[in-house]
Ligand SMILES: [Ca+2]
Ligand SMILES: [Ca+2]
Ligand SMILES: [Mg+2]
Ligand SMILES: [Mg+2]
Ligand code: NI
């Protein structure tokens, strides 16, 4: 295993040399948002690096300002072969292998300028999101929610196994990890109101949804679809995503045009974009499609989902943290290449920076492997227990949800860091 | 009635002195997209105007480059009082009233530089659209579609009269009038297939939807809703909107998360944004809500919709044009202020340039006042007749749909020009 000369990179760090995820930071010395990669508890400030002669020497074909922009969109638009080459060069600069490039390692002044403690940097939303689409590709989630609402024998809608069901989400409320989320006020019907007249008030059923997010590197021309076997070339990288959901609002509003205010009050993503290439070693086959063979435009390679371990922590307002769920992203039945092929089938243009959500990822077992409280509590009927006799059906004001995800062996882990958000009261301003 | 010195402005022109809609153009002498207003068969090139000393004299507080950007977003973001003042100043410069500002009228060189035949300019999408939301506020449309799918007694869903139902649309495929629209390939179930196995192919049920579009001037902070009585201050202006729809794809995909590929292949808007102030004289009360009083956050002034006459022309591939529908936007049951209040109720942030669609606007009568073919043909069961024994259930390749809309008396008409698009074959590239 090739290791790094960067000090104190723990074998359990999400940000090993095998990862090098990209993000947007500000630092005490540079308050304009700009690009960096994460390694261990450090960031390599790519804008600071690009001020040194070394930058043009190792990246002769990169535009000199490429890492000085407030989002990664321009870098993403350069395409996967460029991302791959840049990541490999950065790996060499950060490696302590005998044949690695020593010029950063041996330059104390440049190290001091560009290698900064991650704790000193503030992370920002890594991409400007043109459009956000949320899919429903987690098989066990769709099955469990269907069982809850329609009962046994009718769990999956007839279209579920035939196409990656999805809906257009709200790009304006996609926020970076750490952003506070206000409990939404909404319109809903109280469960004990026989007349069914709606009321307005703070949602009583605020939930999270554990998802993978996929950022597009490049787009397609309007009217021209992306073949499934080419779709991976359009991907920049992946993040963790929490699709906050107000279940009472959703139940009342969603017929016939789908979820709206129940979803658009906030969607949190983790700050570090794990490049598609970093996840290559973790390909697996997804969940078997119960319909058998899919239509031809959806037939791509079989190992097109990733086996990423996912964990969800709930931290109470009192500060007690408990891991309430563990699952893996191999529970997706549709892959991102299939989602992209389907999304563009009719000619819909995707653009650099567009975000695709996988849909909630749940395991097939008990509450401890489910990706949202709706499933864990069977629609709010069974509480989950926390430490100290505390319990939840849905989230309380002051609760924090933290999603973590990683794959790979110690010392070469490819992880996402945290996707974290705290719900604050509808009655208060931030 | 105050008239203009601009030559040959017909009393029937949509672009009277009482209108002065804003758009984005390129011209033979200036190929960079920039702002203009339309008057009669002319455009007043605002970038050309801003190069003259007169500009700073009449607009001392406007940023000098405000009309040199490729979209109207920055101008929109200045807010309604600014739009109102700028429009009033332009009206004075273009008026032949005795007390009008004569400095443009009397400056032959500036007139030659800034007042150009509209036919010599190319129109572009007027705003950068961050997010696009489509509502369902046309009462007679919702009622008729419900009758078609659910039968008498169950026309309206229980939520319909309680909240402005809407869904997130696709911003990337919002295009300006004139853009060709490829017939989408999609997945759908053939009506005569008893097994109901889906197929993939060019949609056989491509439809249009007549709507009003509303562009946002400014946004709200995430977490902080817009009260209904303040919502009009957030509006920049209005356009005509055609929400192209593939009905066979829609029927198969829309459960349970709403329309997706059936809608995201294209949405056409008219190029000239009619400022909110220009529509002030045409306020009316919308359709009576059958549920009676709405919840408090939706209670705004009653005359909050506009009475804009709408017409739809179908032009066949052979070039025959027939007006197939006439209706008015007073058939909306929810107003844009209500849509904005509802959209932001849970804290969803709107941003400058965001687009809201009203939903299909239909009259209560026969096919000749319906806003889409789904209604006109009762779900494809009754053909509509065109000239020369031609007929349609849904659109054929090569068909052009042109929506027009206007209000006001001859000589002071406030109109939108055209919202036009032609469907080309799924088998061909543009
Ligand atoms: Ca979701
Ligand atoms: Ca529509
Ligand atoms: Mg969300
Ligand atoms: Mg559309
Ligand atoms: Ni009516």
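Chains as they are written, first to last, in full-length UniProt numbering: chain L, 1 to 430; chain S, 1 to 430. Idealized CB from N, CA, C, for every residue including glycine. Note that the coordinates shown come from a computational prediction; the quantities given were computed from them, not determined experimentally.
Check	Outcome
Tell me which same chain residues have a C-beta within less than 6 Å of the C-beta of residue 337/L, skipping the five on either side of it?	228, 231, 232, 300, 304
So for residue 238/L, helix, strand or coil by DSSP?	strand
Within the 8 Å Cβ cut-off, does residue 83/L reach chain S?	no
Candidates 403/L, 396/L, 408/L: which alpha carbon is nearest residue 427/L's?	396/L
Quick one: Cα of residue 276/S to Cα of residue 269/S, how far?	16 Å
Given a limit of 8 Å on CB to CB distance, which residues of the segment 217-229 of chain L reach chain S?	219, 222, 223, 224, 225
Could you tell me whether the Cβ of residue 425/L comes closer than 8 Å to any Cβ of chain S?	no
So residue 140/S is in the alpha helix (DSSP H); what residue range does that whole segment cover?	139-150
Below 8 Å on C-beta distance, what does residue 171/L contact in chain S?	130, 131, 171
Note down, in chain order, each residue of its chain lying with its Cβ closer than 8 Å to the Cβ of residue 111/S, except the 5 sequence neighbours on either side.	104, 105
Between the alpha carbons of residue 154/S and residue 147/S, how many angstroms are there, rounded?	7 Å
How long is the line joining the alpha carbons of residue 27/S and residue 352/S, rounded to whole angstroms?	26 Å
With DSSP as the reference, label residue 285/S as helix, strand or coil.	coil
Between which two residues does the alpha helix (DSSP H) containing residue 113/S stretch?	108-114
Quick one: is the Cβ of residue 375/S within less than 7 Å of any heavy atom of ligand 2?	no
What residues from the segment 131-153 of chain S come within 7 Å of chain L, judged by C-beta to C-beta, listed N to C?	131, 136
Got a sec? Which residues, its chain only, sit under 6 Å from residue 248/L by beta carbon, not counting five neighbours each side?	188, 203, 204, 205
Is it the case that the Cβ atoms of residue 258/L and residue 394/L are separated by a distance below 8 Å?	no
Report all residues from its chain with a CB closer than 7 Å to the CB of residue 74/S; omit the five preceding and five following residues, and keep chain order.	66
Looking at C-beta atoms only, is the number of pairs between the segment 210-227 of chain L and the segment 179-199 of chain L that lie closer than 8 Å three or more?	no
Within the chosen definition, does the segment 2-16 of chain L reach the segment 37-53 of chain L through at least 3 CB pairs nearer than 8 Å?	yes
If you drop the 5 nearest sequence neighbours on each side, which residues of the same chain put their C-beta closer than 8 Å to that of residue 284/L?	303, 305, 306, 307, 330
Find the nearest neighbour of residue 385/S within the set 361/S, 402/S, 324/S, judged by alpha-carbon distance.	324/S
List the endpoints of the continuous alpha helix (DSSP H) containing residue 375/S.	373-376
Counting only C-beta atoms, is residue 109/L closer than 8 Å to chain S at any point?	no
Among 200/S, 421/S, 140/S, 339/S, which residue has its Cα nearest to the Cα of residue 225/S?	339/S
Might you give, ordered along the chain, the residues of its own chain that have their beta carbon closer than 8 Å to the beta carbon of residue 341/S, omitting 5 neighbours on each side?	225, 226, 227, 228, 231, 297, 298, 300
Is it the case that the Cβ atoms of residue 242/L and residue 186/L are separated by a distance below 8 Å?	no
Taking 7 Å as the cut-off, does the CB of residue 232/S come closer than this to any heavy atom belonging to ligand 2?	no
Check whether the Cβ atoms of residue 142/S and residue 156/S lie closer than 8 Å to each other.	yes
With a threshold of 8 Å between beta-carbons, can residue 157/S be considered close to chain L, or not?	yes
Run the proximity test for residue 253/L: is its beta-carbon closer than 7 Å to any non-hydrogen atom belonging to ligand 1?	no
Name the chain S residues whose beta carbon is nearer than 7 Å to that of residue 116/L?	Chain S residues near residue 116/L: none, gap ~29 Å exceeds 7 Å.
Taking 7 Å as the cut-off, is the beta-carbon of residue 360/S closer than that to any non-hydrogen atom of ligand 2?	yes
Between the Cα of residue 163/L and the Cα atoms of 312/L, 295/L, 69/L, which residue gives the shortest distance?	295/L
Does the Cβ of residue 258/L lie closer than 7 Å to at least one heavy atom of ligand 2?	no
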